[in-house]
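**Student:** Below is a structure I'd like to ask you about.
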Ligand SMILES: C[S@@+](CC[C@H](N)C(=O)[O-])C[C@H]1O[C@@H](n2cnc3c(N)ncnc32)[C@H](O)[C@@H]1O
């Protein structure tokens, strides 16, 4: 029988689990926080400790608050929503400090976190499954593929949550029994951009109901994707994002920052860090979230690996006014980073890679003499690894800003500002 332990939670792990000890071995207990006394059932022993599930809270921490969501505990998102606001903010800082500490950064200035409010998430990917009883639509359970049928989502914009119930009714008529689908939604400046990915070609009736759905709910665009084939079922308006006055038309399922508030905080930090520096390279620029605000004051080289994103950025740059020169560059920065020699002409470099980080590009930056580097990252661990490479190359990490666009989850963005000594 699995071992039951009564323990006091003393700290938090990097994934937001409460941590206590048993015979000097760390015990990780999800859905707990420092100050809780809990009974936990040990499920697994790993190299770094015992992994358990919460059986009972014997005595709660005073910092607990009532979770805002009816699906708390079942749904895999928002596992920290029982933290009160102050404790949550402290944990966000702590999360950054923990990752930095693992790479030898002990005395870094970590700024006041910018935490996006409730109901601000503007892009979501919902899982759907057709069952005998109807369509289950929502998010996966924690560490499982089971879908939790959600009726509410307090972190998501109401324009998107309003579509949850109508989507179920729509998909009941289209999906075959046991068929799974993923619904990607992004709220753009011209309305909701939706892409439904399912292993089924559309017949006429399905196409008509999708088109009616797009009209009824005033979607900007609705694409159906079957095994990589993209079918533009209803393009009612071009989905656009506004970056510092430039209107960029979104290719389907493009990357946009998860909240407007998060995007604003990141943009402010990036543009401020580049103030007073001349020519800027914006690496992993995507659709130009930072390129356009930077190009109000700087000549910008915008480098990106996804051709569709760079084409959208280029098209917007070609028809927009009030910006300094923007030089688009299609480049795989993992395999062909800008070299230290190529970087010589830049006064500042901004890089914002995917979760894996930017090892190859950072190795070149570390050899360069670029006076200012701004690292934006959605993974505190790869951020800290890349920051170590820059520090070993003679860069000083001046400050780190935590930007939290995934309220009540351990996901965190960081903006690090570096100067060459
Ligand atoms: C986190 S997003 C950031 C995009 C943009 N800076 C923004 O804030 O919207 C990372 C970007 O890196 C791009 N990317 C991924 N792998 C790449 C590679 N090997 N070379 C160049 N760009 C890549 C993605 O297409 C994506 O646009």
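Residue numbers (the working numbering): 2 to 422.
All residues carry an ideal CB built from backbone N, CA and C; glycine is no exception.
1) Looking at the unbroken alpha helix (DSSP H) that takes in residue 268, where does it start and where does it end?
2) What residues in its chain sit with their C-beta under 7 Å from that of residue 1, if we drop five residues either side in the sequence?
3) What residue range is occupied by the uninterrupted beta strand (DSSP E) comprising residue 294?
4) Alpha carbon to alpha carbon, how far is residue 151 from residue 99? Give it in angstroms, no decimals.
5) Between residue 290 and ligand 1, is there a pair consisting of the residue's CB and a ligand heavy atom that are separated by less than 8 Å?
6) Which same chain residues end up closer than 7 Å to residue 227 when comparing Cβ atoms and leaving out the 5 residues on each side of it in sequence?
7) Determine which residues share a DSSP beta bridge with residue 231 and list them.
8) Expressed to the nearest angstrom, what Euclidean distance is found between the alpha-carbon atoms of residue 307 and residue 256?
9) Tell me whether residue 103 counts as near ligand 1, meaning its Cβ is closer than 8 Å to at least one heavy atom of that ligand.
10) Would you say the beta carbon of residue 461 comes nearer than 8 Å to a heavy atom of ligand 1?
11) By DSSP, does residue 402 sit in helix, in strand, or in coil?
12) For residue 175, which residues in the same chain have their Cβ closer than 7 Å to its Cβ, ignoring the five residues on either side in sequence?
13) For residue 250, verify whether its CB is less than 8 Å away from any heavy atom of ligand 1.
14) Within 10 angstroms of the Cβ of residue 422, are there 16 or more other Cβ atoms? Answer buried if so, exposed if not.
15) Could you give the distance in angstroms between the alpha-carbon of residue 390 and the alpha-carbon of residue 196?
16) Would a C-beta distance cut-off of 9 Å place residue 341 and residue 365 closer than the cut-off?
17) Alpha carbon to alpha carbon, what distance is there between residue 281 and residue 25?
18) Which residue's Cα is closest to the Cα of residue 78: 133, 61 and 147?
19) Consult DSSP for residue 156 and reduce its assignment to one of helix, strand or coil.
20) What would DSSP say about residue 60, mapped onto helix, strand or coil?
21) If the criterion is Cβ atoms closer than 9 Å, does the pair residue 372 and residue 413 meet it?
22) Grouping DSSP H, G and I as helix and E and B as strand, with all else coil, what is residue 385?
23) Measuring CA to CA, which of 253, 132 and 348 is closest to residue 299?
24) Just list the residues that DSSP pairs residue 242 with in beta bridges.
25) Indicate whether residue 40 and residue 55 have their beta-carbon atoms separated by less than 9 Å.
**Tutor:** Quick look at the numbers:
1) 261-275
2) With the chain covering only 2 through 422, there is no way to say anything about residue 1.
3) No beta strand (DSSP E) holds residue 294; the alpha helix (DSSP H) holding it covers 292-296.
4) 33 Å
5) yes
6) 199, 200, 201 and 202
7) Beta-bridge analysis with DSSP links residue 231 to 226.
8) 10 Å
9) no
10) What the structure shows of the chain is the stretch from 2 to 422, and residue 461 is not part of that stretch, so it cannot be assessed.
11) strand
12) Answer for residue 175: 207 and 210, listed in chain order.
13) no
14) Burial call: exposed.
15) 39 Å
16) yes
17) 50 Å
18) Minimum Cα distance to residue 78 is reached at 147.
19) DSSP places residue 156 in coil when its eight states are reduced to three.
20) strand
21) no
22) helix
23) Put simply, of 253, 132 and 348 the residue whose alpha carbon is nearest the alpha carbon of residue 299 is 348.
24) 249
25) yes
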